[in-house]
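In the numbering used here, the protein residues as written are 549 to 744.
Even glycine gets a Cβ: it sits at the ideal position worked out from N, Cα and C.
Each remark here refers to the structure printed beneath this line.
Here it is, written out as structure tokens:
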């Protein structure tokens, strides 16, 4: 089964403050991603008819921390991604989409041989960086790294030029390194990833 990963640079400490700016966030969402919101609502029309929050309602629930029926935890993950889309920057991703869970596990194991405390598992499957008021599904998976964790990871980052790696693995690790370095640039950010 094909899997895709989307990674965002996001100021996680700022997100709880957005609860005071819900109308502004909703306007930005509609203006920049209105078509995507409509597609997601169409995709889950049956669930919405049964009481599942719409995409924009899920985004609001993520920011307000209000409880939601446990059946709709998946929609909170999509809502969190919408928050990241509106208030963050999506990373370029040539090496991780499409991919597979088997390949991601292979990359984690290989990176674990190259460095202590490989970051890929935390980034892909750690869970939500914000407290979501429902159990999270296996898919979409969510994970994150805080900026200080990213900086510590880069201090331990292996010299890929010296590593004997297949070209596909080298390309993936270079992509991951670029994401990490982007997050520690002029405007330090955290990273949140969604795996479908």
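DSSP three-state call for residue 556: helix, strand or coil? strand
Apart from the five residues on each side of it in sequence, which residues of its chain come closer than 8 Å, Cβ to Cβ, to residue 626? 588, 603, 606 and 688
I'd like the list of long-range same chain contacts for residue 642, defined as Cβ closer than 8 Å, with 5 residues on each side in sequence excluded. 719 and 723
Would you give the residue range spanned by the beta strand (DSSP E) that residue 742 belongs to? 738 to 743
Compute the Euclidean distance between the alpha carbons of residue 624 and residue 660, then round it to the nearest angstrom. 31 Å
Within 10 angstroms of its Cβ, does residue 489 collect 16 or more other Cβ (buried), or is it exposed? The structure shown does not extend to residue 489, since the chain is modelled only from 549 to 744, so the question has no answer here.
Looking at C-alpha atoms only, which residue of 715, 590, 594 and 633 is the closest neighbour of residue 563? 633
In terms of alpha-carbon separation, which member of 694, 665, 650 and 679 lies closest to residue 746? With the chain represented from 549 up to 744, any question about residue 746 goes unanswered, as that position is not in the structure.
Going straight from the alpha carbon of residue 727 to that of residue 693, what length do you get? 11 Å
Cutoff 6 Å; reference residue 744; Cβ partners in own chain excluding five residues on either side: 552 and 688
In chain order, what residues of the same chain have a beta carbon less than 8 Å from the beta carbon of residue 620, not counting five sequence neighbours either side? 595, 599, 600, 601, 606 and 682
Considering only the alpha carbon of each residue, which of 669, 733 and 658 lies closest to residue 714? 658
For residue 576, the nearest candidate out of 676, 630 and 670 (CA to CA): 630
CB-CB under 6 Å to residue 747, same chain, minus the five flanking residues each way: which ones, in chain order? Only positions 549 to 744 of the chain appear in the structure, and residue 747 is not among them; the question remains open.
Boundaries of the beta strand (DSSP E) in which residue 690 is found, first to last residue: 689 to 693
What's the call for residue 738, buried or exposed, on a 16-neighbour Cβ count within 10 Å? buried
Measure the beta-carbon distance from residue 662 to residue 711 and round it to whole angstroms, keeping in mind my assumption that it falls under 8 Å. 6 Å
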